[in-house]
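**Q** Structure in structure tokens, see below.
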Amino acid sequence: MQHSRLQPICPIDGRFGLRGQDEIPLRALQYKRGLLHEFRKGNASKEQIRLHSLVQQIPKAIIIGVRKGGTRALLEMLNLHPAVVKASQEIHFFDNDENYAKGIEWYRKKMPFSYPHQITIEKSPAYFITEEVPERIYKMNSSIKLLIIVREPTTRAISDYTQVLEGKERKNKTYYKFEKLSIDPNTCEVNTKYKAVRTSIYTKHLERWLKYFPIEQFHIVDGDRLITEPLPELQLVEKFLNLPPRISQYNLYFNATRGFYCLRFNIVFNKCLAGSKGRIHPEVDSSVITKLRKFFHPFNQKFYQITGRTFNWP
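Basically this note's numbering = 1-based index in the sequence shown + 374.
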């Protein structure tokens, strides 16, 4: 029978690969997925939470950026791993003064329930570009693991613009063309005051983070490759997070209608990313694209040098 070839996420007699008390039987993990849904809806009693040793943990890893780099896809794909539990919403704790003032307990209470041995991960892409964030995260946990997912900078800037444009169109508002925003009309040079351009200067933001964290605490994910060939990228992240390899090709299947990979948790539960992902970008004047690529080039070279990860960006 064809379906007999399907493999569960990990073998039934398998464990995390951890020893002794750290071992969690697979059955408990699969049960956890259904159970956590009840907790999120607020349907679980304190007794149930206590009985299952579930806790709300501060993240051991954070996806700090970048906006329109593929942060949601990365978070959802990492959630395929039985040792990972994701925060469903962007928390915006470290980049929002009002939230930050509520304190670390408020932040912890925003986290999903998990087993003590699991890793909680959240993503808020605004963290990467917000000046106060590196110091705030450092004060919370100086040894935290930080994930940055990047795409070719010009493509990312256009994607950023497209998301804002769509929001304006929904409200029947008009908006400038990308060319007008990204190029300064007075100097005809790249407009570095435009946020979509500034966000794509990855090295500038990373240098600010490096005042607090060594480069070894960062892992750079190739957002372009995560779209076309997700598994090798996810395996690199598993390694970085010191997780036993659990995500396999079985967990990822290409959806031809969407043009994206979708996620398979088990035989009954599949998930695709929201329809807002993979928006069609507007046509952009080729001379503007050339100018932007030329502008980003030296910053890209420096980014490769600092991170030790090279991309074939133009």
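No residue lacks a Cβ here, since even glycine has one placed at the ideal position from N, Cα and C.
Small disclaimer: the values here were computed from a predicted structure and weren't measured.
(1) How many angstroms separate the CA atom of PHE468 from the CA atom of ARG510?
(2) Here's a check: name, in chain order, each residue in its chain whose Cβ is nearer than 6 angstroms to the Cβ of PRO433, leaving out the five neighbours to either side.
(3) Can you tell me which of SER517, HIS655 and GLU563 puts its alpha carbon nearest to the alpha carbon of ILE540?
(4) Answer yes or no: does any C-beta atom of chain C fall closer than 9 angstroms to that of GLU526?
(5) Touching or not, the region 584 to 593 and the region 674 to 688, by the rule of three or more beta carbon pairs under 8 angstroms?
(6) What ranges does the alpha helix (DSSP H) occupy inside the region 455 to 490, keeping only unbroken runs of at least 4 residues that lie completely in it?
(7) Quick check on GLU607: buried or exposed, where buried means 16 or more other Cβ atoms within 10 Å of its Cβ?
(8) Whose CA, out of GLY633, ALA630, VAL611 and TYR576, lies closest to the CA of PRO672?
(9) Quick one: what does DSSP say LEU428 is sitting in, helix, strand or coil?
(10) To the nearest angstrom, how far is the alpha carbon of ARG401 from that of LYS551?
(11) Tell me whether HIS593 sits in a helix, a strand or coil according to DSSP, three-state version.
(12) Per DSSP, which one or two residues make a beta bridge with GLU496?
**A** Considering the structure as presented:
(1) Going from the Cα of PHE468 to the Cα of ARG510 covers about 6 angstroms.
(2) THR494, ILE495 and GLU496.
(3) Before going further, note that residue 540 is Glu rather than Ile in the sequence given. Of SER517, HIS655 and GLU563, the residue nearest in Cα terms is HIS655.
(4) No chain C is part of this structure, which consists of one protein chain only.
(5) Yes, since at least three Cβ pairs between the region 584 to 593 and the region 674 to 688 fall closer than 8 angstroms, the two stretches touch.
(6) Scanning the region 455 to 490 from its first residue to its last, the whole alpha helix (DSSP H) runs of 4-plus residues come out as 471 to 474 and 478 to 483.
(7) Per the 10 Å Cβ criterion, buried.
(8) Distances from the CA of PRO672 to each of GLY633, ALA630, VAL611 and TYR576 were compared; the closest alpha carbon is that of TYR576.
(9) Here LEU428 sits in coil by DSSP.
(10) Interpretation of ARG401 is limited by its pLDDT of 43, a score under 50 that renders its predicted location unreliable; no figure is taken from the coordinates.
(11) Note: HIS593 maps to strand in three-state DSSP.
(12) Under DSSP, the beta-bridge partners assigned to GLU496 are ILE436.
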